[in-house]
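First up is the structure itself, then whatever we jot down about it.
Residue numbers (the working numbering): 209 to 658.
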């Protein structure tokens, strides 16, 4: 059998953005390894450089173009070097047109809807010695059975749906990821069973809004997100179930009950609020107000007293007043989040909010952002300090990136814990007594291993 033109070639993947992009990169790596390509951690040493882009975060935009500029020098040294771009940014025509005009060293551009086509595009680019751009606006089907090279042996991402129908006025995702499409529950269960057989203990269910999952089973019956959780709770070998991310407007009583009923569903939720002002939430098209959000928080904590909560917050949305911002600060103090992802509002071409008047000056946004971070960090430090003395079950991930002398892992509540321990703990669930609570993490000592 003749050798593939890709066999033996070294590849490097750079990923910007969210967990969806991380999982897409795992799929790209899996497909390249099936072609007998070899991973390298150095872009300079690679034959194939893949950059998976993000349209949501402004810093990701800037870092992407900086990285793309660096690859010009590598291409000049090695004309056979293959530069490949994918991800959400590639779904935007004005971005791809800019790249074609200003970055002629790019060889392949493909979108979020045709990742499964990448190996063929790569072979065609090598064999035909031509540049390729293939970006689909959307697709009616979902590509199943694609390989994946996971970052961790013991935990994995599982996409349950693709796209988004919410059209928040600041967000480009519905335009880059397309409309919502849910996978069949049987396909998700089969994937979870295969992962469990491969040693995976924890799965994280992914979707732009997992709460809106509606999958048809083999009998044509619709299963909602809570139904899916109950089904996955029965998969032997899977010990933990997480999900990212959820929309408050679709958080059902049935899902809250699943926290109580399903032992494997971790007592953690990421529930983006975006703003503590009902007026701003309406302008964002979030379809809930401050009071509704707080009622959900109360219901969650009533059903699961020890639940850990994180959120997303945007500062400086158009027309945000000081009073609106103070509403966000007061909500942070009332909810007492364990952590929060905080963002400065940035215009995204093609979104309604980009055309809004009353854009907030950058200096005002930054001043409010700093006050918000201070409030979030204060609550996070207090919540972590309250963990001291508890014994938490920690899934051990490996050596800490900051201190190779200690192990690190996550509690069921997704809190990061560093502790002394042997390498044989990696991939296992350990009982760890918390000895110190910091702003962003915990420290502890091992009590027992499962």
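Beta carbons: idealized from backbone N, C-alpha and C, even for Gly.
**Study point:** Whether residue 369 touches residue 391 by CB criterion (8 angstroms)
**Key:** The residue given as residue 369 occupies position 161 in the chain shown. The residue given as residue 391 occupies position 183 in the chain shown. Yes, the pair counts as a contact, with Cβ atoms nearer than the cut-off.
Check your understanding: Should residue 617 go down as buried or exposed, given a rule of 16 or more other Cβ atoms within 10 Å for buried?
Key -> The residue you call residue 617 lines up with position 409 of the chain shown. Buried, since its Cβ has 16 or more Cβ neighbours within 10 Å.
Check your understanding: Between residue 381 and the rest of its own chain, which residues show a CB-CB distance below 6 angstroms, the 5 nearest in sequence each way excluded?
Key -> Translated into positions along the chain shown, residue 381 becomes position 173. If we look at residue 381 and ignore the five residues flanking it on each side, its Cβ neighbours are 372, 416.
Exercise for review: May I ask you to list the residues that DSSP assigns as paired with residue 294?
Suggested key: In the chain shown, residue 294 corresponds to position 86, counting from 1. Answer by DSSP bridge pairing, in chain order: 260.
Review point. Which stretch, first to last residue, makes up the beta strand (DSSP E) that contains residue 645?
Key: Indexing the chain shown from 1 puts residue 645 at position 437. Start and end: 637–645.
Point to revise | Residue closest to residue 271, alpha-carbon to alpha-carbon, out of 280, 521, 395, 259 | key: Locating residue 271 in the chain shown gives position 63, counting from the first residue. For the residues 280, 521, 395, 259, the minimum Cα distance to residue 271 belongs to 259.
Check your understanding: Thinking just about the alpha-carbon of each residue, which of 553, 283, 512 is nearest to the one in residue 520?
Key -> By one-based count along the chain shown, residue 520 stands at place 312. Cα-wise, what sits closest to residue 520 is 553.
**Study point:** Sub-8 angstroms separation of residue 409 and residue 633 beta-carbons
**Key:** Position 201 of the chain shown, counted from the first residue, corresponds to residue 409. Position 425 of the chain shown, counted from the first residue, corresponds to residue 633. Not a contact, by the Cβ cut-off of 8 angstroms.
Practice item. Could you name the residues that DSSP lists as bridge partners for residue 430? Key: Here residue 430 refers to the residue found at position 222 when the chain shown is read from its first residue. Residue 430 is bridged to 424.
Review point. How is residue 300 classed by DSSP in three states: helix, strand or coil?
Key: The residue you call residue 300 lines up with position 92 of the chain shown. Looking at residue 300 - three-state DSSP - the assignment turns out to be coil, as it is neither helix nor strand.
Review point. Per DSSP, what kind of secondary structure is residue 553 in: helix, strand or coil?
Key: Position 345 of the chain shown, counting from 1, holds the residue named residue 553. DSSP places residue 553 in coil when its eight states are reduced to three.
Exercise for review: Output the distance between the C-alpha atoms of residue 659 and residue 378, rounded to the nearest integer angstrom.
Suggested key: Because the chain spans 209 through 658 in this model, residue 659 falls outside it and cannot be assessed.
Point to revise | Cut-off 6 angstroms between Cβ atoms - residues of its own chain near residue 648, not counting five sequence neighbours on either side | key: What you label residue 648 is simply residue 440 of the chain shown in a count that begins at 1. If we look at residue 648 and ignore the five residues flanking it on each side, it has no Cβ neighbours.
Exercise for review: Please classify residue 513: is it buried, with 16 or more other beta-carbons within 10 angstroms of its beta-carbon, or exposed?
Suggested key: Against the chain shown, residue 513 aligns to sequence position 305. Counting every other CB atom within 10 Å of its CB across the protein chains shown gives residue 513 a total below 16, marking it as exposed.
**Study point:** Endpoints, beta strand (DSSP E) assigned at residue 628
**Key:** Taking the chain shown and counting its residues from 1, one reaches residue 628 at position 420. Counting along the chain, the beta strand (DSSP E) containing residue 628 begins and ends at 624–628.
Review point. Quick one, which of 243, 487, 282, 224 has its alpha-carbon nearest residue 536's?
Key: Position 328 of the chain shown, counted from the start, is the residue given in the question as residue 536. Out of 243, 487, 282, 224, 487 has the C-alpha closest to the C-alpha of residue 536.
Exercise for review: Hey, could you find the ends of the beta strand (DSSP E) residue 606 is sitting in?
Suggested key: As a first step, residue 606 must be located in the chain shown, where it is residue number 398. 599–607 is the extent of the beta strand (DSSP E) around residue 606.
Exercise for review: Take the Cβ of residue 239 as the centre, count every other Cβ of all protein chains shown within 10 Å, and call the residue buried at 16 or more, exposed below.
Suggested key: Counting from 1 along the chain shown, the entry for residue 239 is found at position 31. Answer is buried; the Cβ neighbour count reaches 16.
Point to revise | DSSP beta-bridge partners of residue 596 | key: Here residue 596 is taken as the residue at index 388 of the chain shown, counted from 1. As computed with DSSP, residue 596 is found in no beta bridge at all.
Practice item. Return the CA-CA distance between residue 257 and residue 226, expressed in angstroms with no decimal places. Key: Locating residue 257 in the chain shown gives position 49, where the first residue counts as 1. Locating residue 226 in the chain shown gives position 18, where the first residue counts as 1. Rounded to the nearest angstrom, the two C-alpha atoms are 20 angstroms apart.
Exercise for review: With DSSP collapsed to three states, give me the class of residue 219.
Suggested key: On the chain shown, residue 219 is found 11 positions in, with the first residue counted as 1. Note: residue 219 maps to strand in three-state DSSP.
Point to revise | Cβ neighbours of residue 539 in the same chain (closer than 6 angstroms, five flanking residues each side left out) | key: Stepping through the chain shown from its first residue, residue 539 is reached at position 331. The answer, listed in chain order, is 484.
Review point. Assuming residue 358 contacts residue 234 under a Cβ cut-off of 8 angstroms, what Cβ separation, rounded to an integer in Å, is found between them?
Key: The count along the chain shown starts at 1 and reaches residue 358 at position 150. The count along the chain shown starts at 1 and reaches residue 234 at position 26. At roughly 6 angstroms, the Cβ-Cβ gap stays under 8 angstroms, so residue 358 and residue 234 are in contact.
Check your understanding: Along the chain, which unbroken stretches of the alpha helix (DSSP H) at least 4 residues long are found entirely within the stretch 431–465?
Key -> 433–440
Check your understanding: From residue 393 to residue 493, what distance separates their C-alpha atoms?
Key -> By 1-based counting over the chain shown, the position of residue 393 is 185. By 1-based counting over the chain shown, the position of residue 493 is 285. Distance between the alpha carbons of residue 393 and residue 493 is about 30 angstroms.
Point to revise | Buried or exposed (CB count within 10 angstroms, at least 16 for buried), residue 550 | key: Mapped onto the chain shown, residue 550 falls at position 342. Buried, by the Cβ-count rule.
Practice item. Return the residue from the list 533, 323, 278 that minimises the CA-CA distance to residue 228. Key: Indexing the chain shown from 1 puts residue 228 at position 20. Residue 228 has its Cα closest to that of 323, out of 533, 323, 278.
Practice item. Would you grab the beta carbon distance between residue 534 and residue 591 for me? Rounded to a whole angstrom, and I think it's under 8 angstroms. Key: For the purposes of this step, residue 534 is taken as residue 326 along the chain shown, with counting starting at 1. For the purposes of this step, residue 591 is taken as residue 383 along the chain shown, with counting starting at 1. Not really, about 22 angstroms apart at Cβ, beyond 8 angstroms.
**Study point:** Cβ-based burial, residue 623 [other Cβ within 10 Å; buried from 16]
**Key:** Along the chain shown, one-based indexing puts residue 623 at 415. With 16 or more other Cβ atoms within 10 Å, it is buried.
Point to revise | Where the beta strand (DSSP E) through residue 488 begins and ends | key: Here residue 488 corresponds to residue number 280 of the chain shown, with the count starting at 1. Careful: residue 488 lies outside any beta strand (DSSP E), inside the alpha helix (DSSP H) at 486–491.
Point to revise | the stretch 349–363 / the stretch 525–533 touching (three or more Cβ pairs under 8 angstroms) | key: no
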